[in-house]
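Structure, as structure tokens:
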Amino acid sequence: MFALVVEGANNRFTLVIDAGHGGKDFGARGAISNEKDLTLKYALSLGKMIERNCPDVKVLYTRKTDVFVTLKNRADFANRKQADLFISVHINALPNHRMGYGFQSYTLGRGQNTGDRGIKENLDVAKRENSVIYLEEDYKTVYKGFNPNSVESDIMFEFIADKNRERSVELSRLMQQEVCRATGRKNGGSHQNNLAVLRLTSMPAILLELGFISTPDEEQFLNSDTGYELYTKGMYNAFIRYLNKYDDNIKVPYRNGKAYRKAQMVPVEQPKPLPQTEEQTPLQTTSNPDKKAQASSKPLEGNVKDNKIVSTKSSTDESKPVFKVQILVSRQLLKEDDENFKGLKGCEFYEENNFRKYTYGASNNYNEIYRLRKQILEQFPECFIIAFKGGKKIDVNEGIREFKANR
55 MFALVVEGAN NRFTLVIDAG HGGKDFGARG AISNEKDLTL KYALSLGKMI
105 ERNCPDVKVL YTRKTDVFVT LKNRADFANR KQADLFISVH INALPNHRMG
155 YGFQSYTLGR GQNTGDRGIK ENLDVAKREN SVIYLEEDYK TVYKGFNPNS
205 VESDIMFEFI ADKNRERSVE LSRLMQQEVC RATGRKNGGS HQNNLAVLRL
255 TSMPAILLEL GFISTPDEEQ FLNSDTGYEL YTKGMYNAFI RYLNKYDDNI
305 KVPYRNGKAY RKAQMVPVEQ PKPLPQTEEQ TPLQTTSNPD KKAQASSKPL
355 EGNVKDNKIV STKSSTDESK PVFKVQILVS RQLLKEDDEN FKGLKGCEFY
405 EENNFRKYTY GASNNYNEIY RLRKQILEQF PECFIIAFKG GKKIDVNEGI
455 REFKANR
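The sequence shown begins at 55 in my numbering and counts up by one.
Below you can see the structure in the form of structure tokens.
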């Protein structure tokens, strides 16, 4: 890849992480957060995990604070640092209160709005960046036999540009696998388009859209401690798979190769049902598929007044973690028979950040709620488990740990 060509004797793999937007550029705005803040949060988190676990990797950032950086300057920074890989982090959004779901990744390519212009500009940037070779005192020794202006080098540039695209697409594929596996979010797919920040870089590059800030459920997850941890681990694991596959894979005569130690992926602890004991009985399901979503070991005793759902206290021990399935978020107070509930009865809500967040089921038994979520997953693919204690919301992982300790 091109960064390897200009890197010469520098043997450290260099990664540039780009936190999208910043400063006066807020990016997309959600109900409780702005894109520029989330991108910085996740970019720094990914970088710190890589720095902690991969001493052979040099991590650089286009910004580490809330400052405005132009697209050209972001790409120029990566080119100037002769990076081996460029990852740009963004948050998606849809206009007019439309809701979208899923994690997506983008690479430079002949997408719907691309054509050949973006590919050619990317190649021109790569060729231009290699002119720095002449500024190196020992370039004749380090790059012996290499002339950036020769016909043979043009062929090499084409080869490297193809490898850059190939590697970018592969990283996109790995990101879709690992991030969606870690977070459980919808796979929004890999895409190609003529994005300026990718077009102007001279190395494999990828742009990530973590989720939709315009969708309340997704915005909440992006702002949660759980989302922060799982997205970071997913992105990190995808990078490690990429690094272990491609690092030092292209060898050219003028590069002193070095084999890096094999980097390890980090385990992702997905909440799973715990071993069932005698007192833990599975939820009963009905043979009627139309009523499957309403199945529960014990129906909620929801209070309904004037056909409107109000928060209720379920028959649970509030001094211990109470697990629930969050199914949707709304600014409005929804009626019990609202179509958004898709036939579920006995839903409750709690209020947070001026939103009413509706839940289904309530139990001190995490396993019970885990199975309940699986029952309604088809109707509510974005639903997830939350936990309360003493009437206050707590981190679900903290609740699970206490549940395990009390068994």
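Ideal Cβ positions, reconstructed from N, Cα and C, are used throughout, including at glycine. Just so you know, these numbers come straight off a predicted model, no measurement behind them.
With respect to the alpha helix (DSSP H) encompassing residue i, which residues constitute its N-terminal and C-terminal limits?
i	result
Val450	Val450 to Asn460
Thr496	The question about residue 496 has no answer here: the residues shown for the chain are numbered 55 through 461.
Compute the minimum distance between the beta carbon of residue i and the heavy atoms of the ligand ZN, and state whether it is under 6 Å.
i	result
Asp279	Inclusion of the ligand ZN in the displayed structure is not the case, the ligand content being empty and no account of it being possible.
Helix, strand or coil, according to DSSP, for residue i in the structure here?
i	result
Lys135	coil
Asn247	coil
Ala97	helix
Asn146	strand
Ile86	coil
Arg117	coil
Val70	strand
Ile267	coil
Glu406	strand
Thr370	coil
Val376	strand
Lys240	coil
Asp79	strand
Leu388	coil
Lys126	helix
Phe200	Note that Phe200 scores a pLDDT of 48, beneath 50, so its modelled location is shaky and nothing firm can be said.
Val320	coil
Phe275	helix
Ser256	coil
Measuring alpha carbon to alpha carbon, tell me which of the options ends up nearest residue i.
i	options	result
Pro321	Tyr300, Asp301, Asp79 and Tyr290	Tyr290
Phe434	Asp392, Val379 and Lys446	Val379
Cys51	Ile448, Ile423 and Lys446	In the structure as shown, the chain starts at 55 and stops at 461, and residue 51 therefore has no counterpart that could be examined.
Thr237	Arg106, Glu89, Ile439 and Phe140	Ile439
Leu69	Gly445, Phe140 and Leu426	Phe140
Leu252	Ala292, Val223, Lys299 and Leu162	Leu162
Ala137	Pro258, Asp449 and Arg295	Pro258
Ile71	Lys78, Phe80, Asn88 and Asn133	Asn133
Asp279	Tyr155, Lys240, Val450 and Arg239	Val450
Cys234	His245, Ala250, Glu393 and Gly265	Gly265
Ile294	Arg455, Val111 and His75	Val111
Tyr225	Lys135, Gly288, Arg385 and Lys240	The question names Tyr, but residue 225 in the sequence shown is Leu. Among Lys135, Gly288, Arg385 and Lys240, the Cα nearest to that of Leu225 belongs to Gly288.
Lys396	Tyr115, Asn241 and Tyr414	Tyr414
Leu148	Ala82, Glu105, Cys401 and Met103	Ala82
Ile260	Asn218, Gly281 and Asn408	Asn218
Asn88	Phe67, Asn107 and Asp120	Asp120
Arg455	Asn421, Leu426, Arg425 and Glu105	Asn421
Asn277	Glu406, Arg221 and His245	Glu406
Gln318	Glu105, Asp392, Gly76 and Leu388	Glu105
Asp79	Phe122, Cys108, Arg66 and Asn107	Phe122
Leu262	Gly242, Phe275, Gly281 and Asn298	Gly242
Asn298	Asp271, Gln246, Arg221 and Ile267	Arg221
Please list, in chain order, all residues of the same chain as residue i whose beta carbon is under 6 Å from its beta carbon, the five residues on each side excluded.
i	result
Ala73	Thr93, Leu94, Ala97, Arg117 and Val143
Ala292	Leu228, Met229 and Glu232
Glu452	none
Phe131	Thr116
Tyr296	Leu225 and Leu228
Can you tell me the Cβ-Cβ gap for residue i and residue j, rounded? I've got them flagged as a contact below 8 Å.
i	j	result
Glu273	Ala85	6 Å
Met153	Thr286	Going by Cβ atoms, the distance from Met153 to Thr286 rounds to 25 Å, so no, they are not a contact pair.
Gln158	Asn146	7 Å
Tyr300	Lys240	About 28 Å separates the two Cβ atoms, so there is no contact after all.
Lys90	Leu114	About 19 Å separates the two Cβ atoms, so there is no contact after all.
Leu249	Tyr160	6 Å
In chain order, what residues of the same chain lie with their CB nearer than 7 Å to the CB of residue i, ignoring the 5 residues before and after it?
i	result
Thr370	Val376, Ala416, Ser417 and Asn418
Lys411	Gln380, Val383, Phe403 and Tyr404
Lys126	Leu254
Val358	Summary for Val358: the model assigns pLDDT 33, below 50, so the residue's position carries little reliability; its value from the coordinates is reported in the next sentence. The answer, listed in chain order, is Glu390.
Ala129	Val251, Leu254 and Thr255
Lys102	none
Determine, for residue i, whether the minimum Cβ-Cβ distance to residues of chain C falls below 7 Å.
i	result
Arg410	The structure shown has no chain C; it contains just one protein chain.
Below 8 Å CB to CB, which residues in the same chain sit around residue i once its five sequence neighbours on both sides are set aside?
i	result
Ile448	Pro375, Ala441 and Phe442
Gly445	Glu372
Ile430	Ala347, Val379, Ile381, Leu398, Tyr414 and Cys437
Gln66	The residue you asked about is not Gln; residue 66 is Arg in the sequence shown. Only Asp110, Val111 and Lys112 meet the Cβ criterion.
Going by DSSP, what residue range makes up the beta strand (DSSP E) through residue i?
i	result
Leu426	No beta strand (DSSP E) holds Leu426; the alpha helix (DSSP H) holding it covers Tyr420 to Ile430.
Gln158	Phe157 to Thr161
Lys399	Lys399 -> no beta strand (DSSP E), and no H or E assigned at all.
Phe434	Run containing Phe434: none; DSSP gives neither H nor E here.
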